[in-house]
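Student: Below is the structure I would like to discuss, written out as structure tokens.
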Amino acid sequence: MSTKPVIGLLLAAGLSSRYRAVSGRHKLLEAVPDGLPGAGTPLALCAARSLRAGTDAVLAIVRPEDEPLAGLLAASGCEVLGFASPGLGASLAFGVRARPEAGGWLVLPADLPFVRPSTVQAVRAALAVSPCAAPAYRNQRGHPVGFGARHYAALAALDGDRGARDLLETRGWQRIGVDDPGCVADIDVPADLEACLRPR
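Read in order, the letters of the sequence shown are residues 187 to 386 in this note's numbering.
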């Protein structure tokens with residue numbers, strides 16, 4: 187991989203419908219419960235901090251009307267772009283198109299707040315020798331997923347909610363074994379936070 191910057195893409199433009207339906211609250215602004223890393227910190231901010239640990243800059247994709255989340259992430263040092271996203275794939279493509287000069291992108295949905303910085307750093311290091319890389323915990327692929335610049339056209343063309351899964355399946359990816367349950371612990375409903383309190 188070149189010496190061009192590696193950009194973190196924090197995908198935070200979803201509607202979080204399931205979480206809001208159960209709790210009535212904004213998932214990404216929900217505070218991490220006591221007993222978990224980052225206790226008291228909003229979920230999205232935890233994810234942003236982890237992503238920043240292994241990238242040169244973090245670009246957060248946020249819905250245009252979501253001013254509280256945009257303000258929180260901007261204050262933390264993220265560059266925030268508003269996008270009324272129809273799905274994960276569309277958000278990813280929007281972020282990649284915003285930084286076409288990058289040497290690579292590390293993609294992390296903002297509802298994975300417990301990814302360890304060391305995992306992010308390992309994925310970045312893998313991009314030096316592999317065009318696609320992702321962590322794996324107990325044989326389950328996790329996040330962030332790293333893509334080298336050669337995949338720009340394919341990523342920029344994504345749409346809808348499929349993300350880059352098809353790209354990974356057809357072109358292959360370097361598996362990085364990690365002892366990091368946070369890389370697979372996405373938060374969809376409040377019970378998922380409670381589950382993170384239980385030993386794995």
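Beta carbons are placed, not taken as given, at the ideal position from N, Cα and C, and that holds for glycine.
The model shown is predicted, which means the values in this text are computed figures rather than measured ones.
For Pro223, which of Ala343, Pro367, Ala342 and Glu253 has the nearest alpha-carbon?
Tutor: Along the sequence shown, one-based indexing puts residue 223 at 37. Closest by alpha carbon: Pro367.
Student: Give the straight-line distance between the Cα atoms of Ser262 and Arg357, rounded to the nearest whole angstrom.
Tutor: Indexing the sequence shown from 1 puts residue 262 at position 76. Indexing the sequence shown from 1 puts residue 357 at position 171. Spanning the two alpha carbons is a distance of roughly 35 Å.
Student: Excluding the 5 residues preceding and the 5 following Arg348 in the sequence, name in chain order all residues of the same chain whose CB lies nearer than 6 Å to its CB.
Tutor: Taking the sequence shown and counting its residues from 1, one reaches residue 348 at position 162. Cβ neighbours of Arg348 beyond the five flanking positions: Gly275.
Student: Does the pairing of the segment 370-381 with the segment 295-312 give three or more beta-carbon distances under 8 Å?
Tutor: yes
Student: Tell me, which residues are paired with Trp291 by DSSP?
Tutor: Position 105 of the sequence shown, counting from 1, holds the residue named residue 291. Trp291 is bridged to Ile193 and Phe333.
Student: Of all the beta strand (DSSP E) runs that stay within the bounds of the segment 246-281, which reach a length of 3 or more residues?
Tutor: Within the segment 246-281, the complete beta strand (DSSP E) runs of at least 3 residues are 265-268.
Student: Count the CB pairs spanning the segment 194-208 and the segment 282-295 that are closer than 8 Å, and state whether there are at least three.
Tutor: yes
Student: Excluding sequence positions up to five away, which residues of its chain have a Cβ less than 6 Å from the Cβ of Glu400?
Tutor: The shown model of the chain, from 187 to 386, leaves out residue 400, and the question about it has no answer.
Student: Note down the Cα distance separating Ala199 from Gly346, rounded to an integer number of angstroms.
Tutor: If you number the sequence shown from 1, residue 199 lands on position 13. If you number the sequence shown from 1, residue 346 lands on position 160. Each residue's Cα considered, the two are about 13 Å apart.
Student: What do you reckon, are the CB atoms on Ala234 and Leu255 nearer than 8 Å?
Tutor: Numbered from its first residue, the sequence shown carries residue 234 at position 48. Numbered from its first residue, the sequence shown carries residue 255 at position 69. Contact: no.
Student: Assuming Ala320 and Val309 form a contact by the criterion Cβ under 8 Å, report the distance between their Cβ atoms to the nearest whole angstrom.
Tutor: By one-based count along the sequence shown, residue 320 stands at place 134. By one-based count along the sequence shown, residue 309 stands at place 123. Contact holds; Cβ gap of about 7 Å.
Student: So, for Asp286: in the same chain, excluding its five sequence neighbours on each side, which residues have a beta-carbon less than 7 Å away from its beta-carbon?
Tutor: If you number the sequence shown from 1, residue 286 lands on position 100. First, the amino acid is wrong: residue 286 is Pro here, not Asp. Excluding its 5 nearest sequence neighbours in each direction, Pro286 has C-beta neighbours in its own chain below 7 Å: Tyr338, listed in chain order.
Student: With a CB to CB cut of under 8 Å and the five nearest residues on each side skipped, what residues in its chain are close to Pro250?
Tutor: On the sequence shown, position 64 is the one that residue 250 refers to. These residues qualify, in order along the chain: Gly268, Phe269 and Ala270.
Student: Which one of Val364, Leu354 and Cys318 has the shortest CA to CA distance from Arg324?
Tutor: Within the sequence shown, numbered from 1, the residue matching residue 324 stands at position 138. When each option's Cα is compared against that of Arg324, the closest is Val364.
Student: Would you kindly work out how many angstroms separate the C-alpha atoms of Glu253 and Leu353, rounded to a whole number?
Tutor: Locating residue 253 in the sequence shown gives position 67, where the first residue counts as 1. Locating residue 353 in the sequence shown gives position 167, where the first residue counts as 1. Going by the C-alpha atoms only, they are around 32 Å apart.
Student: Spatial neighbours of Gly273 within its chain, please: CB distance less than 7 Å, with the 5 preceding and 5 following residues excluded, ordered by chain position.
Tutor: Along the sequence shown, one-based indexing puts residue 273 at 87. Excluding positions up to five away in sequence, the list reads Gly346 and Asp347.
Student: Using 10 angstroms around the beta-carbon of Pro330, count the other beta-carbons present and answer buried if the total reaches 16, otherwise exposed.
Tutor: Here residue 330 corresponds to residue number 144 of the sequence shown, with the count starting at 1. Taking all protein chains shown into account, Pro330 has 16 or more neighbouring C-beta atoms within 10 Å of its C-beta and is therefore buried.
Student: Determine the direct distance from the alpha carbon of Gly332 to that of Val218, and round the result to whole angstroms.
Tutor: The residue you call residue 218 lines up with position 32 of the sequence shown. The residue you call residue 332 lines up with position 146 of the sequence shown. In a straight line, the C-alpha of Val218 is about 26 Å away from that of Gly332.
Student: Which residues does DSSP pair with Gly363 in a beta bridge?
Tutor: Your numbering for residue 363 matches position 177 in the sequence shown. Paired residues: Ala322.
Student: Whole angstroms is fine: what's the gap from Arg336's alpha carbon to Thr241's?
Tutor: Against the sequence shown, residue 336 aligns to sequence position 150. Against the sequence shown, residue 241 aligns to sequence position 55. When rounded, the distance between both Cα atoms is 18 Å.
Student: Can you name, in chain order, every residue of its own chain whose Cβ lies under 8 Å from the Cβ of Asp220, other than the five neighbours on each side?
Tutor: Residue 220 sits at position 34 when you count from the first residue of the sequence shown. If we look at Asp220 and ignore the five residues flanking it on each side, its Cβ neighbours are Gly226.
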